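Undergrad: Input: one structure, supplied below.
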């Protein structure tokens, strides 16, 4: 075990959090500029494009179907009906904040869940 590697990982993740916060703060102004530039800016072989995504509120019928699906998936995992397709190690960093709060990064792994954690609807 090399504690220097763990410390380096922590330092890089903290830098990443700071960079992500700066990027979030810049998004509104950059989006406005891109709108004036036909929704694209190019630099050093990269294109930055403005895309718009739409979010929907679905009817109670769809919400019920989603809840039923989630419950059925959980039950199949618990009963061994669902078969493990793949397992991966994922590092999860949680930052402790004053007042006892913990900042958790959003789960972005889709169908993945940590061992011992059930999917919550």
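Numbering (this note's numbering), first residue to last: 1 to 121.
Each residue gets a CB set at the ideal place from its N, CA and C atoms; glycine is no exception.
Bear in mind that the values here come from a model prediction, so they are computed numbers and not experimental data.
Starting from residue 94, trace the beta strand (DSSP E) in both directions and tell me its first and last residue.
TA: Looking at the DSSP string, the run of the beta strand (DSSP E) that includes residue 94 is 94–96.
Undergrad: Assess, as a yes-or-no matter, whether the segment 43–56 is touched by the segment 18–35 under the definition of 3 or more beta carbon pairs within less than 8 Å.
TA: The answer is yes - the segment 43–56 touches the segment 18–35, with three or more Cβ pairs under 8 Å.
Undergrad: Taking the straight line between their C-alpha atoms, what separation do you get for residue 43 and residue 12?
TA: Their backbone Cα atoms lie some 25 Å apart in a straight line.
Undergrad: When you compare only the Cα positions, how much space is there between residue 14 and residue 3?
TA: Taking the straight line joining both Cα atoms gives about 17 Å.
Undergrad: If you draw a straight line from the C-alpha of residue 40 to the C-alpha of residue 46, how long is it?
TA: Taking the straight line joining both Cα atoms gives about 10 Å.
Undergrad: So, for residue 26: in the same chain, excluding its five sequence neighbours on each side, which residues have a beta-carbon less than 7 Å away from its beta-carbon?
TA: Same-chain partners within the cutoff: there are none.
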